[in-house]
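Student:
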Amino acid sequence: MSYREKQRKADMIIATASGRETAVDELRSKFYGASTAKSMKARLNTFERMMIRAGEDPYPIEMKKIELMAAALRKADESGDDTWVEFTAVEKSNLRRIKRACVRGISPDEGAEPLTLETLRKQTVYMRKGKIREEARSAAYTIAWWFMMRGGELVELRIGQVAVNGAVATVKFEVTKNDQKGQGCQRSQQCACKEEIEGYCPVHAMMQLLEYRAGQGAEKNDLLFVNNDGQRWDQGSLRETLKADLRNSGIQEAEQYSLHSFRVGGTQGHIEAGVSTESTKAFGRWRSNVIDRYARESYMADSESYTQRINSRREINKEDRKENTKAVRASGEVDDRDGWLLHPRSYSAWASEVAQELGQAQRGKMSKGEDAIENFEIKLKPLAIVCCNEHWLLSYPVMGTTNEMSLLKAGFSFKIISERNTAWLSSARKNFQTKAY
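To convert, note that position 356 of the sequence shown is 423 in the numbering used here; the numbers rise steadily by one, no gaps.
(1) When you compare the region 337-349 with the region 303-310, are there three or more beta-carbon pairs, one atom per stretch, that lie closer than 8 Å?
(2) Could you check the C-alpha separation between Glu-223 and Met-130 for me, to the nearest Å?
(3) Are three or more beta carbon pairs between the region 268-281 and the region 202-210 nearer than 8 Å?
(4) Are there 16 or more other CB atoms within 10 angstroms of the CB of Asp-78, so buried, or fewer, so exposed?
(5) So what's Leu-291 in DSSP terms, helix, strand or just coil?
(6) Identify the continuous alpha helix (DSSP H) that holds Ala-206 and give its terminal residues.
(7) Just verifying my parser: in three-state terms, what is the DSSP assignment at Ser-365?
(8) I need the straight-line Cα distance from Asn-112 to Ala-137, nearest angstrom please.
(9) Quick check on Glu-486: does DSSP put it in helix, strand or coil?
(10) Looking only at its chain, what residues have a beta carbon closer than 6 Å to the beta carbon of Ser-255, apart from the 5 residues adjacent to it on each side?
(11) For Thr-191 and Asn-356, I'd like the C-alpha separation in whole angstroms.
(12) Any idea which residues DSSP pairs Cys-252 with across the strands?
(13) So which of Glu-241, Gln-323, Ser-316, Ile-358 has the shortest CA-CA distance to Gly-333?
(14) Tell me, to the nearest whole angstrom, how far the beta carbon of Tyr-324 is from that of Glu-180; I am working on the premise that it is less than 8 Å.
(15) Can you have a look at Thr-209 and say buried or exposed, based on whether 16 or more other CB atoms are within 10 angstroms of its CB?
(16) Going by the CB atoms, is the gap between Asp-289 and Ile-226 shorter than 8 Å?
(17) Could you check the C-alpha separation between Ala-349 and Leu-187 for me, to the nearest Å?
(18) Would you identify the three-state DSSP class for Ala-77, choosing helix, strand or coil?
(19) Cα separation between Gln-283 and Arg-87?
(20) Need the endpoints of the alpha helix (DSSP H) that Asn-315 sits in, please.
(21) For Cys-268, count neighbouring Cβ atoms within 10 angstroms of its own Cβ and tell me buried if that reaches 16, exposed if not.
(22) Tell me which residues share the same chain as Glu-115 and place their Cβ nearer than 6 Å to its Cβ, disregarding the 5 neighbours each side in the sequence.
(23) First and last residue of the alpha helix (DSSP H) that includes Ala-138?
(24) Name the two residues that bound the continuous beta strand (DSSP E) containing Val-192.
(25) When the distance is taken between beta carbons, is Val-270 closer than 8 Å to Val-231?
(26) Name the DSSP beta bridge partners of Ala-230, please?
(27) Tell me the rounded alpha-carbon separation between Trp-213 and Thr-347.
(28) Take Thr-183 as the anchor and find which of Arg-195, Arg-352, Ser-328 has the nearest alpha-carbon.
(29) Identify the residues that DSSP records as bridge partners of Gln-257: which are they?
(30) Pull up the CB-CB distance for Gly-351 and Met-215, whole angstroms please, since I reckon it's below 8 Å.
(31) Would you kindly work out how many angstroms separate the C-alpha atoms of Leu-140 and Ala-84, rounded to a whole number?
(32) Please report how far the alpha carbon of Gly-375 lies from the alpha carbon of Glu-241, in whole angstroms.
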């Protein structure tokens, strides 16, 4: 049903008393519990009665009228509860709920069911056994999936907007939803076939559709995808045809699919295959983070592997620590808490040496309120010093505090990190090279 058809139907419903009553009852039954609807009706009756007594027109409902009713009821029973005082908040909450229902549509906003690549493959295998028109529809579905097309983009696509060059299929999008200036953009996909031609390959699907339209005598400015009468597809008709094709292919719950299922399914398929969110967003022609609505659970498609990956990482880190320990093993060594970064000298001697050199380079440059450089030896016990190119990072505990100091020495950048930040060191193991000072 188109938007205008929905408007006409709504006008007919609201024009009659029975239509209005039925619509409101259905709305309340869908969005409110039985007790809520009953209490709302009782309160509304009380509100109407009291406003008439006060010489006020009950409608439109205004805050001052509700407050007047609440004040009178509370004054009549000063020991009573505050139910009526809270009436305003309740009504506002219900009003927001009704507004959301009107904006989203009366039914819950579940969105289009994503059409997965496996579903596309199953549908393609079935439809390739049918007539040439079914094969053409299957090819169009494939193109829509791989290029993450909106329904309007698919039915408006013209022959001059597509091209096949070797193993690459290209679509030029001229004016899209987020390209109101009509600057256009183009997107390309490579052949997805392996040993034999796959029906769900975007390149061969486009070749097939172009050959089909060429056989009909179509030219550059003609539509690439047309209905059985050779005319532009109406989106509503194409949506119902898609559902029928899915049912005939053995796909369960075909009613949950729509033309947007290609865009949702294509988005999820790319993300699950490892294409970055940023690349998918650009390819799918989004200008906002609405892509998150399409991706849904795809961001966590590999969640079953999280445990194994974490454990594997832990084993790698453990081996790193062993190698490092072996390399710097010497008398008088001191391990840090992790057993990862070590130093062959005592903490006190090392701290004294570091403090002296840093103090010479940085004395007088410390901001007020921070530990004086002279107290470095007394207050600090360095845990590790890490080198990454020309940047040195010195980790130490600071008497149970978490304050930080930035120091300079001989062109190198020092950053002192408290003991509580040693988790940072764990994440840096693979990126930094340990080195004794």
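Built from N, CA and C at the ideal position, the CB exists for glycine as well.
Tutor: According to the structure shown:
(1) Too few Cβ pairs lie closer than 8 Å, so no.
(2) One-based indexing of the sequence shown puts residue 223 at position 156. One-based indexing of the sequence shown puts residue 130 at position 63. A direct Cα-Cα distance of roughly 50 Å separates Glu-223 from Met-130.
(3) With the cut-off at 8 Å, the region 268-281 and the region 202-210 touch.
(4) Walking along the sequence shown from the start, residue 78 turns up at place 11. Answer is exposed; the Cβ neighbour count stays below 16.
(5) Position 224 of the sequence shown, counted from the first residue, corresponds to residue 291. The answer is coil: DSSP assigns Leu-291 none of H, G, I, E or B.
(6) Your numbering for residue 206 matches position 139 in the sequence shown. For Ala-206, the enclosing alpha helix (DSSP H) covers residues 199-213.
(7) Position 298 of the sequence shown, counting from 1, holds the residue named residue 365. Annotated three-state conformation of Ser-365 is helix, per DSSP.
(8) Taking the sequence shown and counting its residues from 1, one reaches residue 112 at position 45. Taking the sequence shown and counting its residues from 1, one reaches residue 137 at position 70. Rounded to whole angstroms, the gap between the alpha carbons of Asn-112 and Ala-137 is 14 Å.
(9) Taking the first residue of the sequence shown as 1, we reach residue 486 at position 419. Confidence in Glu-486 is poor, its pLDDT being 38 and thus under 50, which makes the residue's placement unreliable; the coordinate value appears in the next sentence. DSSP places Glu-486 in helix when its eight states are reduced to three.
(10) In the sequence shown, the residue the question calls residue 255 occupies position 188. Taken in chain order, the residues that qualify are Val-235, Thr-237.
(11) The residue labelled residue 191 in the question sits at position 124 within the sequence shown. The residue labelled residue 356 in the question sits at position 289 within the sequence shown. So the two alpha carbons sit approximately 32 Å from each other.
(12) Reading the sequence shown from its first residue, position 185 is the one you call residue 252. Phe-240, per the DSSP bridge assignment.
(13) As a working mapping, residue 333 is identified with position 266 in the sequence shown. Closest by alpha carbon: Ile-358.
(14) Taking the first residue of the sequence shown as position 1, residue 324 is located at position 257. Taking the first residue of the sequence shown as position 1, residue 180 is located at position 113. Indeed they touch by this definition, with Cβ atoms about 5 Å apart.
(15) Reading the sequence shown from its first residue, position 142 is the one you call residue 209. Classification of Thr-209: buried, given that the 10 Å Cβ count is 16 or more.
(16) Stepping through the sequence shown from its first residue, residue 226 is reached at position 159. Stepping through the sequence shown from its first residue, residue 289 is reached at position 222. Yes, the pair counts as a contact, with Cβ atoms nearer than the cut-off.
(17) Residue 349 sits at position 282 when you count from the first residue of the sequence shown. Residue 187 sits at position 120 when you count from the first residue of the sequence shown. Rounded to whole angstroms, Ala-349 to Leu-187 spans 23 Å at the Cα level.
(18) Reading the sequence shown from its first residue, position 10 is the one you call residue 77. In this structure, Ala-77 counts as helix in the three-state DSSP scheme.
(19) Taking the first residue of the sequence shown as position 1, residue 283 is located at position 216. Taking the first residue of the sequence shown as position 1, residue 87 is located at position 20. If I take the Cα positions, the gap works out to 51 Å.
(20) Translated into the one-based positions of the sequence shown, residue 315 becomes position 248. Looking at the DSSP string, the run of the alpha helix (DSSP H) that includes Asn-315 is 302-315.
(21) Position 201 of the sequence shown, counting from 1, holds the residue named residue 268. Counting the other Cβ atoms within 10 Å of the Cβ of Cys-268 gives 16 or more, which makes it buried.
(22) One-based indexing of the sequence shown puts residue 115 at position 48. Here the set comprises Pro-125.
(23) For the purposes of this step, residue 138 is identified with residue 71 of the sequence shown, where counting begins at 1. From DSSP, the alpha helix (DSSP H) with Ala-138 extends over 130-143.
(24) What you label residue 192 is simply residue 125 of the sequence shown in a count that begins at 1. Careful: Val-192 lies outside any beta strand (DSSP E), inside the alpha helix (DSSP H) at 184-194.
(25) Position 164 of the sequence shown, counted from the start, is the residue given in the question as residue 231. Position 203 of the sequence shown, counted from the start, is the residue given in the question as residue 270. In contact: Val-231 and Val-270 (Cβ atoms closer than 8 Å).
(26) On the sequence shown, residue 230 is found 163 positions in, with the first residue counted as 1. DSSP, once it has assigned bridges, lists Thr-237 as partnering Ala-230.
(27) Taking the sequence shown and counting its residues from 1, the one referred to as residue 213 is at position 146. Taking the sequence shown and counting its residues from 1, the one referred to as residue 347 is at position 280. So the alpha carbons of these two residues sit roughly 11 Å apart.
(28) Within the sequence shown, numbered from 1, the residue matching residue 183 stands at position 116. Distances from the CA of Thr-183 to each of Arg-195, Arg-352, Ser-328 were compared; the closest alpha carbon is that of Ser-328.
(29) Here the question's residue 257 lines up with position 190 in the sequence shown. Answer by DSSP bridge pairing, in chain order: Val-235.
(30) Reading the sequence shown from its first residue, position 284 is the one you call residue 351. Reading the sequence shown from its first residue, position 148 is the one you call residue 215. That pair is a contact at about 4 Å.
(31) Taking the sequence shown and counting its residues from 1, one reaches residue 140 at position 73. Taking the sequence shown and counting its residues from 1, one reaches residue 84 at position 17. Distance from the CA atom of Leu-140 to the CA atom of Ala-84, rounded to whole angstroms, is 32 Å.
(32) One-based indexing of the sequence shown puts residue 375 at position 308. One-based indexing of the sequence shown puts residue 241 at position 174. Gly is not the amino acid found at residue 375; the sequence shown has Gln there. The alpha-carbon atoms of Gln-375 and Glu-241 are separated by roughly 46 Å.
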